[in-house]
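S.K.: Just so you know, full-length UniProt numbering puts 190 at position 190 of the sequence shown, and the rest follows in order with no gaps. Beta carbons: idealized from backbone N, C-alpha and C, even for Gly.
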Amino acid sequence: MASDSSDDDRPLARSNGHLSSSKISRSQDAAMDRAVPKGDNSRAGISIRNGPVEEMDVDSPVNGAAKRKSRGSLPKVNYKDGSDSESEPLAKRPKHQLDDDSDSDVPIKSRVKKLPPSIKETALLESSDDEKPLGQKLAAKKAAIEKRAEKEAKASRAKDDSDDEPMMKSSASKRKSNGSAPKRKSNGIKDESDSDVPIANKAKAKNATPARKAKDVKAKDVKAKDVKAKDVKKIKDGTPAEDDDEHAWWNDPTGGDDSIKWRTLEHNGVLFPPEHEPWPKHVKLVYDGTPVTLGHEAEEVAGFWVAMGPPETSQHVQNPVFRKNFFGDFQEYVKKYGATDAAGNKVDIKELEKCDFSKVYEWWQAKVAANKNLTKEEKAAKKAEKDKLEEPFLYCMWDGRKQKVGNFRVEPPSLFRGRGEHPKTGKVKRRVMPEQIIINIGKDAKVPEPPAGHKWKEVKHDQTGTWLAQWQENINGAYKYVMLAAGSDIKGQSDFKKFEKARSLKKYIDKIRKDYTRELKSPVMADRQRATAMYLIDRLALRAGNEKDTENEADTVGCCSLKYEHITLEAPDKVTFDFLGKDSIRYHETTTVDLQVFKNLKLFKKSPKTDGDDLFDRLTTSQLNKHLQSYMPGLTAKVFRTYNASWTMATLLRELHKNPLSKGSVVDKIKLYNDCNREVAVLCNHKRTIGAGHENQMAKLGDRIKGLRYQVWRTKKMMLDIDPKQKKRKGAEYFELDSEIDDEWLKKHQQFLVEEQRTKIEKKFEKDNEKLKANKEKPLPQSELKERLQAVKELEAKFKKENKTNKVEAEGRGPTVEKLEAAVEKLEERIKTLQTQAEDREGNKEVALGTSKINYIDPRLTVVFSKKFDVPLEKLFPKTLREKFRWAIASVEDQDDWEF
């Protein structure tokens with residue numbers, strides 16, 4: 001597609017700092033070509049390492065500095081993300097952020113604690129004796145997938161054109177009868193031009209053909225015969241269906257109403273958190289050796305600090321930014337609500353280091369322990385009380401249908417943790433009062449009662465909104481919403497539209513890639529910047545990003561808002577990105593790119609640009625999205641992430657039938673699915689830092705496998721006890737202990753088995769007594785437990801004897817060699833299953849499979865895989881996802897041949 005406009009009529013993206021020249025002369029281009037050496041570009045678009053590049057010899061001659069300056073906005077302290085309510089997709093973006101790439105999707109997390117892996121460490125692809133580097137294999141695979149996408153896009157458009165042919169012929173005959181010559185059909189691509197035709201006029205003209213086609217395709221994709229007439233009427237009228245199963249909104253040929261979301265809405269409002277429970281009189285904060293009595297509100301804030309855990313182990317409490325922000329807010333609460341000593345004198349709290357929370361922490365820890373140690377009956381009673389309190393808020397009536405409400409609880413006050421390196425971490429999230437909350441409800445419905453002595457901020461009847469209540473939080477000024485649950489019709493429709501939009505992109509992806517590849521060499525700077533940004537968004541899965549008010553928001557960026565210091569170049573084709581992305585997660589990635597893209601980035605960093613200057617200074621996200629919509633209605637930068645993940649997964653799943661494991665066990669097939677998911681995550685750069693407990697989990701899994709091998713050995717030894725001739729028949733090797741099991745491990749494992757049996761006997765004894773107590777019968781005496789524990793002593797003696805004699809006596813009822821051989825086969829099958837799971841878990845340690853599966857891979861692909869390969873869907877989607885993707889399960893229920 002041609003340039004939307006010339007440099008003369010295009011508004012500058014930003015005017016601060018040094019601005020790139022509007023045109024690129026041939027001499028400049030030639031100079032850049034000479035400056036960048038040629039190299040092997042076969043791995044373009046593939047991440048080679050999430051880590052620092054040791055030698056950066058390209059930026060030196062361009063920027064006049066030998067070393068890359070450190071980024072001031074990246075704090076030195078690294079700490080784990082805290083999972084709090086900010087992770088919920090509630091926040092409404094401010095107006096200046098509406099074009100940002102962020103949405104309700106869970107973000108792709110690249111954390112700072114440890115550098116994420118190289119591709120060689122993460123990608124578990126098919127085994128091969130070929131010595132070709134793994135990066136090149138991935139690049140070749142990615143290129144093949146993109147080539148297939150281009151081929152299918154052309155075929156899809158050709159099919160659409162052939163379907164439109166009768167209508168076009170009819171139109172042509174009409175034009176001939178009117179005496180006008182038929183016009184040549186536009187292919188949607190114009191010659192490059194620097195004409196002064198306004199962008200709006202060009203975009204309008206270019207939108208015409210694709211928009212009509214997209215509309216026709218949408219109508220054809222949904223077969224009217226699949227929809228019952230009464231269902232369509234109900235969808236349009238909003239009347240309740242006789243049976244929820246008949247309300248198949250995903251088959252609605254009208255596409256749904258984008259304006260009025262509901263006609264009747266009833267609900268019971270929101271559930272407020274409990275009030276602060278005052279500390280006991282003997283529990284005090286000690287400041288500089290003096291016990292202090294805090295005001296009620298200040299005491300609550302001090303409790304938030306204590307709840308973060310002891311300073312020596314809490315990563316949040318150790319973080320200087322967290323400490324500074326907390327203490328600043330805590331001081332304000334102390335000044336407002338008071339802090340006094342035993343004599344009633346005011347205590348001025350000036351330093352956090354002089355605050356001793358140990359007494360409060362001891363009390364709080366004892367309280368937590370008491371809750372954990374409640375009896376089964378007490379826990380059940382507490383849960384029943386909680387359920388009774390929440391019951392009125394669980395559901396609402398939406399157009400006469402009972403729909404589950406998602407987050408009906410108002411967030412309790414606490415300390416804000418945020419994600420990544422958020423500058424406001426540690427600040428106090430204040431208690432939300434009814435006077436801050438706006439209720440959205442039907443005009444004829446009963447408005448829920450606010451707590452006694454309070455009133456709602458406002459009551460609205462906004463039928464275009466899908467929220468039930470909203471309020472503004474004090475940390476970032478973001479709006480929090482009470483919405484329907486993930487499995488509700490409204491949420492499902494949002495997901496459905498997202499994946500259908502990505503599915504439509506496959507018809508235009510070849511044209512888009514062809515156009516931006518050509519414009520990478522455009523003499524117009526704005527066009528070249530736009531093409532380069534599109535390359536990075538499409539090939540490297542970067543978010544588009546957007547301008548924001550940096551005084552009030554975290555210093556996060558995306559592709560279009562990258563600054564000079566966020567990328568470092570290493571000839572001939574390596575680019576290191578280092579910036580804070582969505583949710584303040586640090587994106588630190590080294591990637592190979594096409595040589596022309598590398599040259600362009602070098603040009604965009606050309607002197608006199610320096611730190612703080614925009615890299616894409618003639619481009620904004622809104623301009624980019626407006627350009628994309630000239631290809632396809634509704635297309636924005638964020639659609640590429642969903643398309644690339646879904647298309648890659650669909651392509652990989654098509655080839656699975658060629659793999660021998662596709663005819664294996666369910667565990668084998670699940671591993672195949674996860675391998676495909678893993679490749680999607682790697683190719684789309686969905687990575688994560690290794691979890692803190694991963695090594696421990698793998699060690700436990702390894703011990704389980706060893707334990708089963710030890711059990712196999714004991715069972716084989718039992719065969720010799722029954723029939724010593726088996727050693728000659730099967731060979732001495734068959735009865736040898738696994739080489740990985742040494743004497744030290746064996747004795748530890750035997751002790752573990754002894755303690756495991758002891759625990760089982762004790763728990764069984766307790767359970768039997770609980771049943772007797774429930775039936776008001778006399779409990780069992782301790783002598784009964786002592787008698788039962790004799791089995792433990794017997795097991796201990798048995799192991800001691802086996803270690804001494806190297807013989808194992810046959811166990812069980814009527815043991816035979818045949819029975820023991822069957823037992824060995826079952827144990828070896830269990831070992832094989834655990835080994836497969838271990839390989840799968842090891843392969844997933846640094847790849848975010850969940851991010852891809854939940855947010856970017858069309859769930860219908862997983863459902864079709866489940867049906868084709870006879871894998872229970874619950875093995876791939878837990879209950880929450882099966883509810884969330886109910887529409888996907890139902891919509892392809894009878895379509896084994898469904899394709900993305």
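Here's the rule I'm using: 16 or more other beta-carbon atoms within 10 Å means buried, otherwise exposed. How should ASN371 be labelled?
M.R.: With fewer than 16 Cβ atoms within 10 Å of its Cβ, ASN371 is classed as exposed.
S.K.: Around the Cβ of HIS657, are there at least 16 other Cβ atoms within 10 angstroms (buried) or fewer (exposed)?
M.R.: Under this definition HIS657 is an exposed residue.
S.K.: Can you say whether PHE752 is buried or exposed, counting buried as having 16 or more other CB atoms within 10 angstroms of its CB?
M.R.: Exposed: under 16 other Cβ atoms inside 10 Å.
S.K.: Which residues in the same chain have their Cβ closer than 7 Å to the Cβ of LEU737, if we skip the five residues on either side of it in sequence?
M.R.: For LEU737, where only same-chain residues beyond five positions count, the Cβ hits under 7 Å are TRP713.
S.K.: Starting from the Cα of VAL321, find the closest Cα among PRO423, LEU374, TRP279, LYS346 and give me that residue.
M.R.: Considering only alpha carbons, the answer is PRO423.
S.K.: Near ALA888, which residues of its chain fall below 6 Å by C-beta distance, leaving aside the five closest residues on each side in sequence?
M.R.: Correct list, in chain order: PRO859, ARG860, VAL863.
S.K.: Considering GLU299, what are the terminal residues of the alpha helix (DSSP H) in which it resides?
M.R.: That run of the alpha helix (DSSP H) goes 296–307.
S.K.: Could you check which residue in GLN711, ALA526, MET483 has the C-alpha nearest to that of GLU825?
M.R.: With distances taken between Cα atoms, GLU825 lies closest to GLN711.
S.K.: Residues in the same chain with beta-carbon distance under 7 Å from VAL639, minus the five sequence neighbours each way, listed in chain order, please.
M.R.: Answer for VAL639: LYS501, ALA502, LEU505, listed in chain order.
S.K.: Using 8 Å for Cβ pairs, my map puts ASN407 next to VAL482. What's the rounded Cβ distance?
M.R.: Between VAL482 and ASN407 the Cβ distance is about 6 Å, and since that is below 8 Å, they are a contact.
S.K.: Is the number of C-beta pairs between the region 523–541 and the region 630–647 that are closer than 8 Å three or more?
M.R.: Touching, per the Cβ criterion.
S.K.: Under the three-state reduction of DSSP, which class applies to PRO697: helix, strand or coil?
M.R.: A small fix is needed here, since residue 697 is Gln in this sequence, not Pro. Helix at GLN697.
S.K.: From the DSSP output, in three-state form, read off ASP897 for me.
M.R.: Correct three-state label for ASP897: coil.
S.K.: Quick check on the DSSP output: the beta strand (DSSP E) that includes ARG440 runs from which residue to which?
M.R.: For clarity, residue 440 is Asn in the given sequence; the question names Arg instead. It spans 438–440 - the beta strand (DSSP E) in which ASN440 sits, taken as one unbroken run.
S.K.: Does the region 625–632 come within contact of the region 646–657, defined as at least 3 CB pairs closer than 8 Å?
M.R.: Result no; under three Cβ-Cβ pairs closer than 8 Å.
S.K.: In the DSSP output, which residue or residues are listed as bridge partners for PHE577?
M.R.: DSSP, once it has assigned bridges, lists ILE567, GLU589 as partnering PHE577.
S.K.: Measure the Cβ-Cβ separation of ILE441 and VAL447 and say whether it is below 8 Å.
M.R.: Cβ distance < 8 Å, so ILE441 and VAL447 count as in contact.
S.K.: Between ILE349 and chain B, is the shortest Cβ-Cβ distance under 8 Å, so that the two count as touching?
M.R.: Absent from the structure: chain B. Only one protein chain is present.
S.K.: For ALA288 versus LYS386, is the C-beta distance shorter than 8 Å?
M.R.: Just to set this straight, residue 288 is Asp in the shown sequence, not Ala. Contact: no.
S.K.: Taking C-alpha atoms, which residue in ASN325, GLY707, GLU312, LYS336 lies nearest to GLY295?
M.R.: Looking at the Cα atoms, LYS336 is the closest of the given residues.
S.K.: On the DSSP letters alone, give me the boundaries of the beta strand (DSSP E) that TYR479 sits inside.
M.R.: Its beta strand (DSSP E) spans residues 479–482.
S.K.: Using a Cβ-Cβ cutoff of less than 8 Å, which residues in the same chain neighbour ILE722 once the five nearest sequence positions on both sides are dropped?
M.R.: Excluding residues within five positions, the ones whose Cβ falls inside 8 Å are ALA810, PRO815, THR816, VAL817, LEU820.
S.K.: Assuming the contact rule is C-beta atoms closer than 8 Å, GLY545 and THR621 should be a hit. Round their C-beta distance to whole Å, please.
M.R.: That belief holds up - the Cβ atoms of GLY545 and THR621 are roughly 6 Å apart, short of 8 Å.
S.K.: Kindly identify the DSSP beta-bridge partner or partners of ASP356.
M.R.: According to DSSP, which records beta bridges pairwise, ASP356 is partnered with VAL286.
S.K.: So what does DSSP say about ASP614, is it helix, strand or coil?
M.R.: Strand, per DSSP.
S.K.: Of all the beta strand (DSSP E) runs that stay within the bounds of the region 433–509, which reach a length of 3 or more residues?
M.R.: Here the runs fully enclosed are 438–440, 458–460, 469–472, 479–482.
S.K.: Find out if the Cβ-Cβ distance for the pair GLU299, PRO273 is shorter than 8 Å.
M.R.: No; because the gap between Cβ atoms is not below 8 Å, this pair is not in contact.
S.K.: Looking at C-alpha atoms only, which residue of ALA681, GLU828, GLU755, GLN726 is the closest neighbour of LYS706?
M.R.: Measuring from the Cα of LYS706, the nearest candidate turns out to be GLU828.
S.K.: Mind reading off the beta-carbon distance from ILE831 to ARG709? Whole number of angstroms is fine, and I expect it under 8 Å.
M.R.: The pair is a contact, with the Cβ atoms about 7 Å apart (cut-off 8 Å).
S.K.: In this structure, does DSSP put PRO291 in helix, strand or coil?
M.R.: Three-state DSSP puts PRO291 in a strand.
S.K.: Pick helix, strand or coil for GLN750, following the three-state DSSP scheme.
M.R.: Helix.
S.K.: Assuming PHE900 and SER662 are in contact, meaning their beta carbons sit under 8 Å apart, how far apart are those beta carbons, in whole angstroms?
M.R.: Between SER662 and PHE900 the Cβ distance is about 19 Å, and since that is not below 8 Å, they are no contact.
S.K.: Could you have a look at VAL639 and say whether DSSP puts it in helix, strand or coil?
M.R.: In the structure shown, VAL639 sits in a helix (DSSP, three-state: H, G or I).
S.K.: Please look up how many angstroms separate the CB atoms of ILE670 and VAL405, rounded, as I've assumed it's under 8 Å.
M.R.: That pair is no contact at about 33 Å.
S.K.: In this structure, what does DSSP give as the bridge partners for THR340?
M.R.: Its beta-bridge partners are THR293, LYS346.
S.K.: I'd like to confirm the pairing. Which residues does DSSP put opposite VAL864 in its beta bridges?
M.R.: Answer is none; VAL864 lacks a bridge partner.
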